[in-house]
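Asker: Letter by letter, the sequence shown follows residues 1 to 353 of UniProt numbering.
Below you'll find the structure I mean.
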Amino acid sequence: MATQVQPLERLQQYIVKTKDTDYGLNNADVDEDYAARLSKTLQSLQNQVEQHGAALERLRAAACAVSVDEPSQDPRQRLLQLRIVTAAYRSLTPSEPPLPSPDSPLPALLALRRTLNMADQSKNAITEAQDHVSKSQVHLRQEEADLSDARSTTQALEGRIEKLRSENEEQLGKSTEELRKTMIQEQQQRHRHYTRGLGNLVKAFNKFVDEQLATMLAAEDLGGPVVGDLVEINEEMLKAGFNQQGKAKKTDADNARTEAKRKIRNDEIWGSGNGNEDQVNVRSEKEGARASFRSLTEDLLNAAAGDENSDSYIDISRESAAVRFLVRAKVAQFHPNDARKLRLVDFGREWDN
1 MATQVQPLER LQQYIVKTKD TDYGLNNADV DEDYAARLSK TLQSLQNQVE
51 QHGAALERLR AAACAVSVDE PSQDPRQRLL QLRIVTAAYR SLTPSEPPLP
101 SPDSPLPALL ALRRTLNMAD QSKNAITEAQ DHVSKSQVHL RQEEADLSDA
151 RSTTQALEGR IEKLRSENEE QLGKSTEELR KTMIQEQQQR HRHYTRGLGN
201 LVKAFNKFVD EQLATMLAAE DLGGPVVGDL VEINEEMLKA GFNQQGKAKK
251 TDADNARTEA KRKIRNDEIW GSGNGNEDQV NVRSEKEGAR ASFRSLTEDL
301 LNAAAGDENS DSYIDISRES AAVRFLVRAK VAQFHPNDAR KLRLVDFGRE
351 WDN
């Protein structure tokens, strides 16, 4: 019986919790009337529960001899089970379901609970719909971007096809001599275009070497910072030299060591000063670095443009700042077995291991 009373207790707690909120009953008379109708409804429900419990006990007592929980293997027992179940259904079918009285608050409470459940379900559905809309918008933007790319590609292909078709029609209407002249003119135009481009690249290369790279190469050869670490390097810093930390220093001892390094380096670049020492001294470290770098790049280009069967390596006398710069920039690479050989990187094939 405790299990039967428990739903009634939960219903009563729910009624007490929602009564003031949903009905706004502040009048004492209304509260008394509401409490009386509520007590009457609860008593009616409890009576119905007791009646159904008693009927259930009677059915259990009547059917104790024959269990209907599981179908029996005996045909007679199975027939008896079916008769008992049929009689139970027939006894319940004609009876009307118990309904609350017209003045009972139970319908309103059930409607309120149903409304609250529907409100919660609607909130969850709205949240799910918003998430679905957000995902759909992201997918739509992606599809629009893909469509725009596809249209651009289609337009480019259509333009290319139209151009090829017109060129083909023009060629079909020309003689062999006219086609030959047209091809020669196109070849000459391409040659002039690439020649101008090469000239512009050479000018930009020389300007970069003269204005920026030569000074940094000279500084690195004199023990200064690595090319690229310090951009603002002038002639005065080159004359003063650099200490072991790569910083410019102006002491007499450092100047003497710098002059010795400078003389050795100039001898390597310009040759020993046999009667021409004044001319060598006139050349600055920047000019020496410029000449060394240009000579190195020219030798590398000539070797790369030589015989295809050759390995395109050149011999280098020392690992200068220019050599290290080209290797760091991944423009040139050493021979895998001989560090005294250098060549330009062939960008059309893989590097040597």
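Backbone N, C-alpha and C fix where the C-beta goes; we use that ideal spot for every residue, glycine too.
Every value quoted in this text rests on a predicted model; they were computed, and no experiment measured them.
What span of residues does the beta strand (DSSP E) with L342 cover, start to end?
Answerer: Counting along the chain, the beta strand (DSSP E) containing L342 begins and ends at 341-344.
Asker: Is N224 buried or exposed, if buried means 16 or more other CB atoms sit within 10 Å of its CB?
Answerer: Rather than Asn, the amino acid found at residue 224 in this sequence is Gly. Result: buried.
Asker: Express the C-alpha separation of L147 and R340 in angstroms, rounding to a whole number.
Answerer: One C-alpha to the other measures close to 56 Å.
Asker: When we look at the beta-carbon of D338 and count the other beta-carbons within 10 Å, is it buried (16 or more) or exposed?
Answerer: So D338 counts as exposed.
Asker: So for A111, helix, strand or coil by DSSP?
Answerer: DSSP places A111 in helix when its eight states are reduced to three.
Asker: Going straight from the alpha carbon of Q188 to that of D221, what length do you get?
Answerer: Near 45 Å, if we compare the C-alpha coordinates of D221 and Q188.
Asker: Just verifying my parser: in three-state terms, what is the DSSP assignment at A329?
Answerer: It is coil, neither helix nor strand.
Asker: What span of residues does the alpha helix (DSSP H) with H191 cover, start to end?
Answerer: 176-208 is the span of the alpha helix (DSSP H), which, as asked, contains H191.
Asker: First and last residue of the alpha helix (DSSP H) that includes A289?
Answerer: 285-304 is the extent of the alpha helix (DSSP H) around A289.
Asker: DSSP three-state call for D352: helix, strand or coil?
Answerer: Residue placement at D352 cannot be trusted, given a pLDDT of 49 that sits under 50; what the coordinates show is reported in the next sentence. D352: coil per DSSP, three-state reduction.
Asker: Would you report the Cα separation of A61 and P75, rounded to the nearest angstrom?
Answerer: For A61 and P75, the distance between alpha carbons rounds to 23 Å.
Asker: Quick one: using the 10 Å Cβ neighbour count with 16 as the cut-off for buried, is L38 buried or exposed?
Answerer: Answer is buried; the Cβ neighbour count reaches 16.
Asker: Taking 7 Å as the threshold (C-beta atoms), are Y313 and R343 in contact?
Answerer: Yes, the pair counts as a contact, with Cβ atoms nearer than the cut-off.
Asker: Can V227 and M237 be called in contact, C-beta distance under 7 Å?
Answerer: No, the Cβ-Cβ distance between V227 and M237 is not below 7 Å.
Asker: Assuming D303 and A218 form a contact by the criterion Cβ under 8 Å, report the distance between their Cβ atoms to the nearest whole angstrom.
Answerer: Correcting the residue identity first, residue 303 is Ala in this sequence and not Asp. About 25 Å; that fails the 8 Å criterion.
Asker: Among P336, L80, A322, which residue has its Cα nearest to the Cα of L213?
Answerer: The residue with the shortest Cα to Cα distance from L213 is A322.
Asker: Provide the residue span of the alpha helix (DSSP H) that contains L217, from first to last.
Answerer: L217 -> alpha helix (DSSP H) spans 214-221.
Asker: Measuring straight from C-alpha to C-alpha, what distance separates R58 and A119?
Answerer: Taking the straight line from one Cα to the other gives about 43 Å.
Asker: Which of helix, strand or coil does DSSP assign to D315?
Answerer: In this structure, D315 counts as strand in the three-state DSSP scheme.
Asker: Excluding the five sequence neighbours on either side, which residues of its own chain have a C-beta within less than 8 Å of the C-beta of S104, listed in chain order?
Answerer: So the qualifying residues of the chain are R37, K40, T41, S44.
Asker: Should G24 go down as buried or exposed, given a rule of 16 or more other Cβ atoms within 10 Å for buried?
Answerer: Caution applies to G24, whose pLDDT of 48 falls short of 50 and renders its modelled position unreliable; the model cannot decide the point.
Asker: Count the other CB atoms, across all protein chains shown, that sit within 10 Å of the CB of I161; report buried if there are 16 or more and exposed otherwise.
Answerer: Exposed, since its Cβ has fewer than 16 Cβ neighbours within 10 Å.
Asker: Measuring only the C-alpha atoms, how far is Q51 from P107?
Answerer: Taking the straight line from one Cα to the other gives about 21 Å.
Asker: So, is L201 buried or exposed, given that buried needs 16 or more other C-beta atoms within 10 angstroms?
Answerer: So L201 counts as exposed.
Asker: Between which residues of its own chain and F325 is the CB-CB distance below 6 Å, once the five residues before and five after are set aside?
Answerer: Correct list, in chain order: V227.
Asker: Closest to residue 354 by CA distance: which of H335, G306, A305 is it?
Answerer: This structure cannot speak to residue 354, because the chain is shown only from 1 to 353.
Asker: From R190 to R141, what does the alpha carbon distance come to, in whole angstroms?
Answerer: When rounded, the distance between both Cα atoms is 43 Å.
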